[in-house]
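To start, the structure under review is shown below, and the notes come after it.
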Amino acid sequence: MLSLVLYIDMDYFFAACEELKNPSIKDKPNAVSNYDKEDRRGVILTANYIARRYGVKSGISVSKALELCKDLIVVKADYDLYGSISSKIFDIIRSYGYTTEILSIDEAALNINVNSYEDAYSIAKDIKDRIFNETGLTASVGIAIGKIIAKIACDEAKPNGILIVKQEDSYSFIKDKSIEKIPGVGRRSLEELRKLGVERLSEINKIGYIKLKSILGSYADTLIALSKGIDYSKAEPSSEARSISREKVIEPTDRDEALEKVAEELIDELYDYISKSSIAYAGVGVKAVYQDFSQSVKSSKLNGLHEDKETIVETSKRLIRQLPKDKPIRKFGVRVYDIRSMKGQRKLF
Ligand code: DCP
Ligand code: CA
Ligand code: CA
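Below, the structure is given as structure tokens:
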């Protein structure tokens, strides 16, 4: 049995979302900024791979970007769009049932136990394909013994690739990496290490331990191990419960019947999604947001896993009756939690 980390990161995420919204910009250099194109304060947040060929990248000013690529299309960031696409992607990733750590709006790490590297590749391919089929976006995946090496492998697999670093290749893969490429080494530490003549990871062993510790703090031990090809870091489950939800702003109401109707609508949508994705659930919850923005949540842990719609409908009806209704509810949501993908299971039998 191989205990591996699968690291997944979306390709040019914000710009890829913008291409979904407006496909006509897809074959042109484009970038996303926090301000309109004309605005002098604008900074590039990301760029598609066509624009990157001109040197356009996150962190540079919009005016600098336009100097590098005069035809660059600059789109103002639409965080609502990125957030909703991101939750859809994490729903898909979580539905596989592996211990999952969400690391940013567009990346996650999963602990996978497999019998072979071929199996690990199949999982990566399957997740990538499902994300692509359901959102139209490409992701890259790195697989290795630990989270740090897997992330670096993921970076090297970009765009739209899968890179597996086998356990026995960890050391040769990592030892000559530029320290700039190692996640978790901040700009300050980078400068200090460079001053001491360290450019590649294995060179950190030239510096005394005390000195290294003064630069990197507790991360020094992790990096020393890493420089020898050892990486114990695993996905740490995100505190956010594994769940899938739908919610809606409604005509303010305090009536059970009105809420039941909204619940049915939301459940139609939710069930459509989970049945297509072969997701089973072991809990159902409802959420009410009141006109004063206070919230109330009720949930019910079920006996074992369920895959039907009726249980969600009946349980949420019961939970709706338990919600305080001393003030009108303006937003209502339904969720299923403790979810599990039944896809793998079916394949096994
Ligand atoms: N982002 C940002 N500010 C930054 C860096 C990134 O707002 N300084 C946003 C825009 C990115 C998103 O976060 O689309 C994800 O960041 P990544 O570092 O993963 O970069 P991309 O997904 O854009 O590109 P890549 O294909 O290299 O992962
Ligand atoms: Ca990304
Ligand atoms: Ca990322």
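Numbering (our numbering) for the sequence shown: 33 to 381.
Ideal Cβ placement from N, Cα and C applies to all residues, glycine included.
To which residues of the same chain is Y130 closer than 7 Å at the C-beta, ignoring the five residues directly before and after it? Translated into positions along the sequence shown, residue 130 becomes position 98. L142, N143, I144, listed in sequence order.
Extract the residue ranges of the alpha helix (DSSP H) inside the region 160 to 185, only unbroken runs of 4 or more that lie entirely within it. none
Sort out for me which residues DSSP pairs N143 with in a bridge. Locating residue 143 in the sequence shown gives position 111, counting from the first residue. Paired residue(s): V37, T131.
Looking only at its own chain, which residues have a Cβ that is under 7 Å from the Cβ of N66, when we skip the five neighbours before and after it? The sequence position of residue 66 within the sequence shown is 34, counting from 1. Answer for N66: G74, V75, L77, A109, listed in chain order.
C-beta atoms of P360 and T285 nearer than 8 Å: Locating residue 360 in the sequence shown gives position 328, where the first residue counts as 1. Locating residue 285 in the sequence shown gives position 253, where the first residue counts as 1. In contact: P360 and T285 (Cβ atoms closer than 8 Å).
Let me check understanding here. Comparing Cα to Cα, which of L52, Y153, M374 lies closest to V107? Here the question's residue 107 lines up with position 75 in the sequence shown. The shortest C-alpha separation from V107 is found at L52.
Suppose contacts are defined by Cβ-Cβ distances below 8 Å. Is V368 in contact with G315 by that definition? Walking along the sequence shown from the start, residue 368 turns up at place 336. Walking along the sequence shown from the start, residue 315 turns up at place 283. Yes, the Cβ-Cβ distance between V368 and G315 is below 8 Å.
I need the boundaries of the alpha helix (DSSP H) containing V294, first residue and last residue. Translated into the one-based positions of the sequence shown, residue 294 becomes position 262. Here the alpha helix (DSSP H) through V294 covers 288 to 308.
Exposure of L380, with buried meaning 16 or more beta-carbon neighbours within 10 Å: For the purposes of this step, residue 380 is taken as residue 348 along the sequence shown, with counting starting at 1. Because L380 sits at a pLDDT of 38, beneath the cut-off of 50, its placement in the model cannot be relied upon, and the following sentence gives the value as read from the coordinates. Label assigned to L380: exposed.
Contact set for S271: own chain, Cβ-Cβ below 7 Å, skip 5 residues either direction: Numbered from 1 along the sequence shown, position 239 holds the residue referred to as residue 271. Its pLDDT being 48, under 50, S271 is placed unreliably by the model, and nothing is read from it.
Sequence-ordered residues whose beta carbon comes within less than 5 Å of a heavy atom of ligand 2: D41, M42, F45, D138
Got a sec, what are the start and stop residues for the beta strand (DSSP E) V366 sits in? Locating residue 366 in the sequence shown gives position 334, counting from the first residue. Its beta strand (DSSP E) spans residues 361 to 369.
N-terminal and C-terminal residue of the alpha helix (DSSP H) that I239 is part of: If you number the sequence shown from 1, residue 239 lands on position 207. Segment: none, I239 is in no alpha helix (DSSP H) and carries neither H nor E.
What first and last residue would you give for the alpha helix (DSSP H) that runs through Y81? On the sequence shown, residue 81 is found 49 positions in, with the first residue counted as 1. Note, Y81: alpha helix (DSSP H), 81 to 84.
Checking 8 Å against the spacing of the C-beta atoms, do N62 and N80 come in under that value? By one-based count along the sequence shown, residue 62 stands at place 30. By one-based count along the sequence shown, residue 80 stands at place 48. Closer than 8 Å, so yes.
In whole angstroms, what is the alpha-carbon distance linking V88 and I196? Counting from 1 along the sequence shown, the entry for residue 88 is found at position 56. Counting from 1 along the sequence shown, the entry for residue 196 is found at position 164. Those two C-alpha atoms are separated by around 29 Å.
With H, G and I counted as helix, E and B as strand and the rest as coil, what does DSSP make of Q323? Here residue 323 is taken as the residue at index 291 of the sequence shown, counted from 1. DSSP places Q323 in coil when its eight states are reduced to three.
Could you tell me the alpha carbon to alpha carbon distance between I159 and K213, rounded to whole angstroms? Translated into positions along the sequence shown, residue 159 becomes position 127. Translated into positions along the sequence shown, residue 213 becomes position 181. Straight-line Cα distance between these residues: approximately 25 Å.
Output the boundary residues of the alpha helix (DSSP H) element that contains V94. Here residue 94 is taken as the residue at index 62 of the sequence shown, counted from 1. Start and end: 94 to 100.
Helix, strand or coil for P284, going by three-state DSSP, please let me know. Start at 1 with the first residue of the sequence shown, and residue 284 comes out as number 252. Here P284 sits in strand by DSSP.
Any chance the CB of S136 is under 7 Å from a heavy atom of ligand 3? By 1-based counting over the sequence shown, the position of residue 136 is 104. Within the cutoff, so yes.
Would the C-beta of P191 count as close to ligand 1, meaning under 7 Å from any of its heavy atoms? If you number the sequence shown from 1, residue 191 lands on position 159. Within the cutoff, so yes.
N- and C-terminal bounds of the beta strand (DSSP E) containing L258: For the purposes of this step, residue 258 is identified with residue 226 of the sequence shown, where counting begins at 1. Segment 251 to 259 is the alpha helix (DSSP H) holding L258; no beta strand (DSSP E) there.
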